[in-house]
Amino acid sequence: MPPSGGSTNLIRTPIMSIRFVTRTVHAYLDYPVALALMGLPVILGLGAENPMALWLSVITGFAAFVLTLLTDHHLGVWRVLPYKFHLAVDLTVGIVFLLAPSLFGFSGLDALFYWVNGAAVVTVISLSTPEQKPAM
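Just so you know, the sequence shown maps onto residues 18 to 153 in the working numbering.
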């Protein structure tokens with residue numbers, strides 16, 4: 018106990034949150050990721066054994082592009098969908114991509130593509146900062 022008889026004040030250091038992917042950062046990732054999901058399967062030659070490996074990514078990339086256009090963030094064009102909904106869709110896509118090789122029988126590069134992309138999406142969502150509630 019300190020000589021004055023008072024309580025000890027601990028120095029409080031702020032703890033840095035591991036969640037560093039802000040809405041702004043996420044928005045900047047959305048368009049290039051959507052384009053990559055449409056283009057990389059063609060460039061990598063996915064779907065030689067199972068055409069679903071090609072088309073699942075291309076269709077998802079197109080849907081992600083439209084979702085980004087409609088999301089309420091600074092790079093959204095029409096801003097009609099809440100960002101929280103966008104994150105939920107992204108998480109669902111990440112989980113589907115992780116399961117796709119088992120669900121559709123992908124192997125080799127096809128499977129690796131979906132596992133890596135699924136893990137990346139789930140990781141980004143896990144590292145996303147929670148929405149701030151407006152002050153009252």
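Backbone N, C-alpha and C fix where the C-beta goes; we use that ideal spot for every residue, glycine too.
This one's a predicted model, so the numbers in the text were calculated from it and none came from an experiment.
Item                                                                                                    : Value
For Val141, three-class secondary structure by DSSP                                                     : helix
Of the residues Phe37, Thr140, Ala136, Leu46, the one placed nearest His90, counting alpha carbons only : Leu46
Neighbour-count burial assignment, Leu84, 16 or more Cβ in a 10 Å radius                                : buried
Assigned exposure category for Thr41 - 16 Cβ within 10 Å defines buried                                 : exposed
Span separating the alpha-carbon of Ile142 from that of Phe114                                          : 14 Å
Beta-carbon separation (whole angstroms), Leu87 vs Val97, contact threshold 8 Å                         : 5 Å
Alpha helix (DSSP H) segments (min. 4 residues) lying fully within the stretch 36-120                   : 40-61, 69-87
Ser119 to Val59 span [Cα, whole Å]                                                                      : 21 Å
Reference Phe130, options Gly93, Gly56, Val106, closest by Cα                                           : Gly56
Straight-line gap, Trp72 to Gly64 (C-alpha atoms, nearest Å)                                            : 8 Å
Presumed contact (8 Å Cβ cut-off) between Leu54 and Gly78, rounded CB distance                          : 3 Å
is_contact[Leu46, chain D] using C-beta, thresh 7 Å                                                     : Checking the listed chains, one finds no chain D in this structure; it contains a single protein chain.
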